[in-house]
Every structure is written in structure tokens, then in C-alpha cells.
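Just so you know, we're using the UniProt record's numbering here: the sequence shown kicks off at 1 and counts up by one.
The C-beta atom is built at its ideal place from N, Cα and C for all residues, glycine as well.
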Amino acid sequence: MTTTVPLEREAPLASLVAAVDEAVAGRGGIVLISGEAGIGKTTLVRAFTGELSSGPRVLIGSCDDLLAPRTLGALRDAVSGTDGRLEHALTEGSTESAMTAAVAEFAGPSPTVLVVEDLHWADDATLDLLGHLSRRIEGSFGLLVLTFRDDELPIAHPLRRLLGIVASSSPTRIRLEPLSEAAVAELVGADGRDVAALHSTTGGNPFYVVEALAAAPEDVSPTVAATVLARVHRLQPSCRAALEKICVATGPIEYSLAETLLGGPLDVLDEAEERRILETTSTGIAFRHELTRRAIEDGVSAIARRAAHRAMTEALLADPPIDIARVVHHATSAGDNDTVVRFAPTAGRDAAAAGAHRQALVHYEAALATGLLDPAEHAVVQGEYAWELYNAHRIADAVAASRQAVALHRDSGAEEAAGETLVALSHQLLLAGDPEGANAAIEEAVAVLERSGTPSSRAYAATYRGTLLLTAEALGPAAPVLEEALTLAQEAQRGDLVALCTIYLALCNPALDPPDRIAMLRIGIADAIRHGAHEGAGRGYTILAELLLRFGQLDDLEECLAEGAAFTFDNDLGVYSVRLDILRCQHLMRRGEWEAAERGLQEALESADVGMFDLLARANLARIRTRRGAAGAAEMVTDTFTRAIAGKWLLGLAYSGLAFVESTWLTGHSEQSAALASTWSANSAHPVVAGLYGELLRYSQRAGHPAEVFDGCPEPWAAGLRGEWRNAAEQWARIGDPYEEALELADSGEVGPTMAAWQKLVQLGADAAADIVRKRLRNMGVHRLPHGPRPTTTTNRAGLTQRQVEVLDQLRDGLTNTEIASRLTLSVRTVDHHVSAILAKLNVSTRREAVAIAKRWAVGESTSA
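Structure (C-alpha cells):
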């Protein structure tokens, strides 16, 4: 079949066809089509799919601009009637089974093209599933084509996280630009319009140009909405009235539904179809463009719009099966609170179960806003709402909502429910930076559930009491509490709690060596995933990453961060995504990539609620800025340390304390940290804390305070404390921490190693330490130091780590991510992460461009040549 190619879209269409050819050959891929509203994304997709009428299977779905988008709605529409694994999974299975089925749809041998339009309106579950699929599409027979408006994406938009994941697959990027004046002239033809004026008025936006040409010359307005309305006003009154009744419906309207709305046959809309305002499909009618629908909707009175929403609500309720997300959307807009309160709680639970947490929040908020929930249901919905706020990392709001839910449960006499909500409140208070409040809440919960709880709820409280002890008090007392909680969880057959106890026991059991501790953590994470305890698994990934960082296992840490980021994205666990982002930045700090770490920590601060994670991000950010000699860094360190002391949260105290002692050394105020090491609790000797304590002692020693090796002090801190500078420096070099390596060389007392230390510090941009070492060199009689360009990283001109250089070398050999993973003994997810980082650092969008830069490096050319 031959289709008409839209003007100035020949190259984008050729790129799409080339991507299909790759998928047919078993080299699946992704195409991203972006641009402003009306730029022609849908028109391009239609021309593209028209070219494929006799080729690959094509599945098409669009996201809707609803109050809370339908959970997985675009994907349900795309596979409707296929009778395949994905359709069955979306109808009957869980989100996990849908992810597995989606991968199977692309397994071949027949190629499949999946088009998802208007991704800027997608629900969280759809983004999660597409992220999962994008990491597995390489080597498949599938092509993902995703369209979205890039002028409507704020920094915090969830789609940005998906785009970050997709970047590792080197997608084909198509950004549609406005039409040139020559193209507008071609569209005008013999119409006699002033081409230059029309191009200026429309900005070359294809939709606007077409609307302007369809309107009478005197109706063309500086705004597209006014131009559309001028066209609509020229329709017959009956047709105009019908459009006003259906204009509140986003997306296609089923024929039967439209007939119900209009009270009869649809021929009243013939004129709108002839004028290309509406179009028909095999299943219903739709506005040709969302801009048209919005212009008409905005043009009717508020009363008429409300009546249209009410009519739509009634029509949907009369047309089973009921699409409750659409019902809630229209009922809310109609002010039909009775219908909202009837369906919104269920819609919220369905969305939450599918991992669409933002959409769940919208539904719960709609239900609560009615004020019509009966007391018992109000308490339940309030508690569920609080948990979704926590998942969205709106911690302060979650605390307030949980407190209200506790009071509501008590008012309705539901003591067990009040106790269980107190358990959740304790964890939220901890994350909010209030460990004392958290402790009070969990103790109250334990007391309440001892009186009125079931074995399941008592196991729940005991587990969280044990986890709280780990973070707010001491590691030693936590172990027996968690052992008892494990027994209760097993007796109550709570596999999710058994997994959580396993994770935390792996953290606090003093008898475990690092390999066994890591192995036990991985078992706990796997068990949590197996039992559908995604929140517990998310915690497990953060704890695993934290321990790998402390143990200096940086290569394993990279893989853990990649796995954890993928898992938290797939399951929409924003609260743990933030923590993993901070850990990723701590890893970058160890690797000497301070610019990237500083940038990432600043972004984490912007997304983190005030509380635990905000404190961790600030402590590490202050530490980087102190090392770089930034203005205001010392004040930031002191403020963060003061907050940590007030909050009495151990991990916050540890990292802010490390920043504080290093700051006092680098700024020449060592007297301020003289007593810091002696204030550490008995936790300091515990195996999982020993590394932090060893680091504290080594920096205290650098600050001139007495410090000695303690039993269990890990290397390389122990070697440094013993004065074995060469041994310590070599160990840090093997680990891959250039800053610590330089600091050990600087303690050699010899000119050669000290000069090498100074050069490394200058390369890192560690101005504060470099100044200290420069003075040492002068005291050794070295008065002239070499000058030269300061690299921004220690590895190469683009800031790639050694591992990323290795991955780039494999890309030059033409290997896929799967082949690279096999050759370098890494997981595919880790390779995906490295490839994404390489593209970002090289400021390119495809693997081919990255390889071209690598080849230029090989012959000594600069990246800017």
C-alpha cells in the first residue's frame, strides 16, 4: 500500500521504516517521536503504519487526558482482540505477569510494532511496563514507537525517568519541527492566502496551518483555539450542539456510547466528519485532534460542560462493563459526588495494585473530597491514601494523613486497624526525620495489637519495631527483636514479613562475614519479590547498596544500583528511587566523579521530601563542596550535622559526622571535632558500621586527633591508621577511589609520592586538600609546582570511569548489550546503565555517535573536532 508522505516528514518516515527493517532482522529497537502539540506526530505515525499494512503486526494505543489515566489503558487498547498473552495478562493477571507477557509478544519470530501515543498522559503502570520492555527489546523482533509532547514535561514528570532508561538502548530520536514557509506555500496552493502572513501566524505548526486554511480568511485568529471555534460556529446548530455534548470525552467514543449521549443516530455529526473535525474508526468516533476537542470544550459554558460530564457519567454506567477510571473522571467533573464515592476508592485500589501510584492518589483524593464516605470506609481510605503518599515520597503529607486515619479508626471502634496504621505511621515518621515520634508510634502500636490484634498484625508490628531499632537506636538490641518477629511472621504465614525480617537480620547479625551478609540480603530481596512485597524489596536494594558501598565493593555496587533502579522504576517506588539516587552519587564520589555526584545530589534534594533522605543528600553534597573549597560549604556541613544531632538518626549522624570531621581538617578548625570520635555508640564495633567508624577515625587522625586501629577495623582504613601509607594507597587504587589514594600518598613524608598526591588532587578539583599538600611540598623544599590544564575527571577527557571505557571499547567492536554483559561478566542491566551514562557524558543520543567519538580519540582527535 502506498501512503501520502506528510510534507517535510520524508526523513522521519525513512527512519521509522529503517527501524522496522532492523526489528524484522531480530534487532529490536525504540523510536521516540517528540514535538509540540499539533506538530504532526499522529499524522506521521499514520503514514508509517500505512506503509506497514502488509508487513509486521501493528498494535496501537493512545494515552488519555483523564483526571487519573486508565491503568494500562493504552496497552489494553493496543492488544484488544489479539487473544495473545499480553491481552490475557492485562485482563486477568498481575502487573508482573503483564511485564512477562509484553516481553513474550516481541519474542518473534513474527515482528511486532507497538505504538503508544501521547505518553505525556500515561499512567505510572504503563510507564513501568514500557521501561521493563525497553530494557529487553534489543535482540527481539519488536519495535516500540513512543510519541510525546516535549514542551509539556516539567523536571519532575515521571516520563523523564522512562526516557532516562530508554536512553541506554540508543533509541532513534525524531523531533518534529514546524513546517517551512515553502511547505506552507505548497499547502496553500492556489488558495490565494498570504503565505508569509499565514506562516507567521501559525508558526508553521501543521495542525494550525490546516485549521487556518479550512477556516474563512476572516476567521483566522492568532490563537489556534479561536480559529477552531470559528470553524465550529459555521456548522449547523444541531451538529454544533452534538459536538458540545461529546467534547468532554477524551479519546475515542464507542458508537453505542455516542448514540446514548446524543439520544439517537449519529448522522447529526455527518457535517463535522465532512469538515474533518471528527473521524471514525472501527470502534467509534473521535476528534481528529485533541486541540480541537479542547477548544470546543473550553468554548462551552461551565454549566453546559458540567451537564455534558453528567450525561457521560450516566451513559458509561449504563454501558457495562463499567470503566471506573472514566466514570470517576466524568463524575468528578460533573460534581456527582455520590458516583465518585461509589467508585473512586475501588479505582484507587486497582491503580495501586497495578503500581500506578500517582493515579491511585488522584482517585483517593477525589473520594475524600466528597465528604460522603461513611466513618469506617473513610478511615480505610484515609489509611490507603497515606500509604500512597508515602510511595510518592510525600512523607510529611503521609504522616498527616496517617495520623488522621488512626483517629478515624479509633472513632469507629476499629482498634486493630488503628494499630496497623500506627505501624505504618512509625515508618513514615522515621523517614520524616522524627525517630522519637516513630518510636512512640511503634510502641503504641505494639501495645494496641497485643490487646486486639491478630497473629498477622502482631507480626507486622514486631517486624517494624525491630527495623526501627536498627535505625533509631542500636544494632545489638535489634537482632533478638527481629528473631522473635521472624518467628511470629512464620507462624502467621506472612511471607512478606519473613522476607523483611531476613533483610534486616542480614544487616544486624554480628556473626556474619561480608559475603554471607550480602548473600542473605539477596535471599531476602528475592523472597520479598516472590511474595509481591515490592516495598520490602525496594528497602532491601537500598540496604544492599549501602553495605556494598561500605565494604568497598564498587563494581558489585554498580550492578546493584542498576538492578535496584530498574526494580524501583518498574514498581513505581519513588521513595526508594530517591535513596538509590543518593547512593549512586556516593558511588560517584568514591570514583572521583564529583561533578556528576554534585549534580545528582542537587537533583535528589529537589525531589526529596524534608527528612531522612534530604539529610543524607545534604551531608554528601556538603562534603563534596568542602573538598572543592566552595563558598558556604562549611556552614552547610555544620547545619546538616546540627540537624542530624537533633534528629538522633544513626545513618544521618554517621554521614553528617564524617562530613563534619573532614571539614574541620580541611578548613583548619580541627579543635571543633576533637571529641567527635568518642561520642560514637557501641555500634561502632559492629561489622556493618566498622567501615564508617574506621573512616571517622582516619579523618580524625588527619585532623590531628589521637586515633588507633580497633578490633575489626576494615582495610584500607586500618592500614592508614597504622601509618602504612603505601599499603593503604595501593588498596585504594585497587578499589578505585582516587581521593583516598591521594590522601594516603600525601602522608608519605616523601617528595615523589606527595607530588603525585598533589597532582591527583588537582585533577579531581579537590582544592582544599591540594592546598594542604602544596604547603607540605613547600616545607619539603619544593617551591615550583607544574602548571597545566586541570582535567575534570581522572579517567579521560569525557569523564568516563574505567568500566565505562571498557564498555565503550566493546561498543566499538559492534557488540550488543547482551554480548557486552557476557564478555565483561556483568548483568545486562548494568551494561544498560553504563551505556546510558556514556551517551550522557559524551552528549550524544546514539551508540553510533559514541563509537565515532571513540574512534576519533583513538587517532588523537578532540571530541569537538
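Here Ala286 carries a strand assignment [DSSP, helix/strand/coil]. In this structure, Ile322 keeps its C-beta atom at 8 Å or more from the C-beta atom of Glu244.
A contact between stretches requires three or more CB pairs, one per stretch, nearer than 8 Å, and the stretch 220-227 meets this requirement with the stretch 290-309.
By the criterion of a C-beta distance shorter than 7 Å, Ile838 is surrounded in its chain by Leu800, Gln804, Val807, Leu808, Ala850, once the five residues flanking it on both sides are discounted. Between Ala459 and Ala485, the gap from beta carbon to beta carbon is short of 8 Å.
For Val637 against Phe660, the beta-carbon gap comes to about 6 Å, under 8 Å, which counts as contact.
Note that the stretch 354-365 touches the stretch 51-68; at least 3 beta-carbon pairs, one per stretch, sit closer than 8 Å.
Going by beta carbons, Glu138 and Thr830 fall outside the 8 Å limit. Separation of Asn571 and Arg27 (C-alpha to C-alpha, rounded to the nearest whole angstrom) is 27 Å. DSSP places Val116 in the strand class (E or B) of the three-state scheme. If you look at Leu59, you'll find it in the beta strand (DSSP E) that goes 57-62. Looking at the DSSP output, Thr82 sits in no beta bridge, so it has no partner there. Per the DSSP secondary-structure output, Thr100 pairs with nothing in a beta bridge.
If you keep only unbroken alpha helix (DSSP H) runs of at least 4 residues inside the stretch 22-57, you get 41-51. Taking C-beta separations shorter than 7 Å and ignoring five residues to either side along the sequence, the partners of Pro714 in its chain run Ala690, Gly691, Gly694, following chain order. Within 10 angstroms of the beta-carbon of Thr71 lie 16 or more other beta-carbons, which makes it buried.
For Arg306, DSSP assigns no beta-bridge partner whatsoever. The beta carbon of Ala125 sits closer than 7 Å to the beta carbons of Thr71, Leu72, Thr95, Ala354, Gly355, Ala356 from its chain, once the five residues preceding and following it are set aside; these are given in chain order. DSSP places Phe710 in the coil class of the three-state scheme, outside both helix and strand. When DSSP states are grouped into helix, strand and coil, Gly73 belongs to the helix group. Of the candidates Arg517, Lys648, Glu8, Leu777, the residue whose Cα lies closest to the Cα of Gly204 is Glu8. The C-beta separation of Ile543 from Leu561 comes to about 13 Å, leaving the pair out of contact by the 8 Å criterion. Taking the Cβ atoms as the reference, Glu444 lies roughly 6 Å from Leu422, within the contact range of under 8 Å.
Ala334 and His309 do touch by the CB rule: their CB atoms are close to 4 Å apart, below 8 Å. Taking 8 Å as the cut-off, the Cβ atoms of Gly538 and Phe567 count as close. Glu593 and Leu764 have their C-alpha atoms spaced approximately 8 Å apart.
The DSSP-derived three-state label of Leu580 is helix. DSSP places Glu279 in the uninterrupted beta strand (DSSP E) bounded by 278-280. In this structure, the CA atom of Arg734 is about 29 Å from the CA atom of Trp680. Annotation: the continuous alpha helix (DSSP H) that includes Leu658 extends over 650-666. Between Thr202 and Glu117, the CB-CB gap reaches or exceeds 8 Å.
Only exposed fits Gly81, as fewer than 16 other CB atoms lie within 10 angstroms of its CB. In the structure shown, the three-state DSSP call for Leu824 is helix. Here the alpha carbons of Thr100 and Ala107 stand approximately 11 Å from one another. The C-beta distance from Ala441 to Ser426 rounds to 4 Å, short enough to meet the 8 Å contact threshold. Gln672 and Arg643 have their C-alpha atoms spaced approximately 17 Å apart.
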